[in-house]
Structure formats: structure tokens, C-alpha cells
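Okay, structure first, notes after.
Residue numbers (my numbering): 7 to 393.
Below, the structure written as C-alpha cells:
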């Protein structure tokens, strides 16, 4: 057992990323006493470096060894500008089966988690996703529909600030958008020709970057490297939005540098009573207690915590009566590849936006659409990002 904190809370939220930040905000604003137990350390605006040139760094961002010596896995998604926000792979190793390799990237150790460095592209699911089985007869439908989620999509988009262009295409539902960023000349030509020749819709990327001021946050100024932070808070990250809102209420207590090991349970009631965690700085084992525990630690981390919480009543881990815990899950992945082309006869026009627009274009799903021709040998569909 670990040392106990002196205060009991109504709710413990584990994780300060996209979902954890929202949970803290909504609960705290409702008057609930919340402990935000966060593996990350507090993040300061002074660490943001989106306007710093390479020559402002010690190694000019040209010495990959600076990153690889402590983050040989995380190096795929960080550089000299921001690597210290990522988990140290040597201090936090993980094991994998020899025949099942997995590269676990994007492990952040600052408040806000992945929202500090995420790609910000924000697209709604449709009933082609939620009710896919009804559409093609394969698998099972989700127990929710687009209509169930639509009001929540609205609320999130209006708070986050998602810029985009309404297209009226059922495969990709429109949202509550801020004004869209402008297409380049080449993108406009491409959009028109794709629609003319193929009937597909090419839209501007729907991104969580502001084009109008919102809640004290300034619109994007197109400087480019969003993954280094943003001093104007023009893109959404939970540290300076949802978590900040929660802390302002006085009902949320931030417990940083806290790596949760397991959920504590009451043997008599089979109810959660808190969490056990290790302080990343002191290495002390500690406890924090509450009536409810909300796990928002990220897909794999939350599963780890549930499996580690096995006890006599739950020998295979919490929430695992089916034995499916740890199976059939997916982390947020990125896959590279694509094609390039030229428009040699494109007339020169004045530049729109800035030099580094934070989005590209998106070709909306065209395989097996909501209505129309279906592919006999291909199940479901996909979209393309480009720019």
C-alpha cells in the first residue's frame, strides 16, 4: 500500500488528454470535487518554440542523437524542439511478444498529453461507421447512432473551434464550423476536376485551428510547426483549455507526475475507492481516494491499469469478465504513403493564407457510399488526406 493523500475526492480522473480534460471540465463546473491524476508534468507556455529558428537550438535540430539516446522509439514523432515532452523510452520500457512487434509512439509526459502535439484534423463519424453492419451485412452495428452523438459533436466543435467547409455529404457529416481556411490555386483546380471527372468531393481539411477568435484564443497565424506548441493557443490542446477551465473552478486538484499502477477496490462492495500511483520524481508509492474513478489514460495505458488491478474478485483484471480486455483495441496510428503530381499550366495567383497552413485537403469517402453503387469485392471505404 502507498502513502495516502489527506483529502478524499468525489471523482478521480486519470489522464489529462482529450477525454480526461473534458471529464475534469464538466465535472468541476458542476461542483464535483475532482482529482486529476496526471502522468505528465505541468506544461508552461515558455516551452513553446513554434517561432524559434533551428539556429536558436543548441544542436540546430541537426543532431538526431540528442533525441535517440533517450527516446529511440518516440523519435518518430519528436525532435530537438519538443522531445522532452515525450516519455523517456529508457526509463519507461515495455515488452512485446517476439512475433508481434509494436512501436508505441506518442507517449507524452506533460499535461495535455497527445493534444499538445496532435495533428488536429477533426472529422465526424457517420452512420456508415456506427451502423456499418446494417449497410453491408458484415459484423455488428455500434449500440449508438450518429443522431445520438450529433449534439455532443456540436458542443465540442463550438468549444474547441474547428474550421471547415460544409459540403452536405452524408459520408462525412458537416459540423459547427468556424470559417474554412482557403484552398490554394492548385487545390481549387484539383477539387473541381475531381468532382467533374469522378464525382468525388474534395474539401478543405477540417482542423482544430481557429480562424476566428474564441474564448480568449487568437486565430491561427499560419506559422506552421503546431507540434512545438502555440503561444496564441490557436489550436486546441487540453492543457490550456479544458484543464485550465477545470482548475479555475477551484474544484479540481491537479496531481502531476503520477503514474497510476492500479485501481483500488473495496472487497466488500466491489466498488472502486481510488488509485495507487508512483510519483515519477520521488519514486514514492502513493494513494488518492474517491467514490468514482474515471480512466482516461489513453487506449493502451487504461488497459494496462485495468489488467494490473486484478484481485480475488477480478482475477483477470477489472472490467474483463469476457476476457476481451487487451484484445481488439486500437491506438491512434499514422500511416505514411501517397502520390504526388504537378500542375504545369497553373496560372500564378497571389498566395492565400500564410506560408504554412495547418491542414491540407480531404477526399471524402467514395467507396460504398451511403447511396449509389457498391463495390462487390471491397468492404466499406476510406478517405484521403493531401495538400
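All residues carry an ideal CB built from backbone N, CA and C; glycine is no exception. Owing to the predicted nature of the structure, the values given are computational and were not obtained by experimental measurement.
- A direct Cα-to-Cα measurement between residue 71 and residue 97 gives close to 17 Å.
- For residue 134, the secondary structure class from DSSP, reduced to helix, strand or coil, is helix.
- Per DSSP, residue 259 is one residue of the beta strand (DSSP E) stretching across 258-261.
- Within its own chain, the residues whose Cβ lies closer than 8 Å to the Cβ of residue 206, once the five positions on either side in sequence are excluded, are 200, 369, 370, 372, listed in chain order.
- Boundaries around residue 41 are those of the beta strand (DSSP E), 40-43, since no alpha helix (DSSP H) includes it.
- With fewer than 16 neighbouring CB atoms inside 10 Å of its own CB, residue 58 falls in the exposed class.
- Residue environment analysis places residue 291 among the exposed positions, since fewer than 16 neighbouring C-beta atoms fall within 10 angstroms of its C-beta.
- Burial check for residue 289: the Cβ neighbour count within 10 Å stays below 16, so the residue is exposed.
- Here residue 20 is bridged, per DSSP, to 43, 301.
- Taken atom to atom, the span from the alpha-carbon of residue 296 to that of residue 112 is near 29 Å.
- Around the beta-carbon of residue 254, fewer than 16 other beta-carbon atoms lie within 10 Å, marking it exposed.
- The beta carbon of residue 313 lies closer than 7 Å to those of 323, 331, 332 in the same chain, with the five residues before and after it left out.
- Restricted to the region 206-237, the beta strand (DSSP E) segments that are unbroken, complete and at least 3 residues in length are 208-210, listed in chain order.
- Nearest C-alpha to residue 20 among 114, 261, 236: 261.
- In the three-state reduction of the DSSP assignment, residue 58 falls in the coil class.
- In the three-state DSSP reduction, residue 314 falls in the helix class (H, G or I).
- Across the structure, residue 374 and residue 387 are spaced so that their CA atoms are roughly 6 Å apart.
- Shortest Cα-Cα distance from residue 231 to any of 246, 298, 32, 85 involves 85.
- Shown here, residue 385 sits in coil according to DSSP, grouped into three states, outside any helix or strand.
- The C-beta distance from residue 48 to residue 241 rounds to 19 Å, too long to meet the 8 Å contact threshold.
- Contact between residue 362 and residue 229 is confirmed by a C-beta separation of about 6 Å, below the 8 Å threshold.
- In the structure shown, the three-state DSSP call for residue 84 is coil.
- Residue 280 sits in a strand when the DSSP states are folded into three classes.
- When DSSP reads this structure, residue 169 sits in a beta bridge with 184, 213.
- Among the bridge pairs identified by DSSP, residue 14 is matched with 295.
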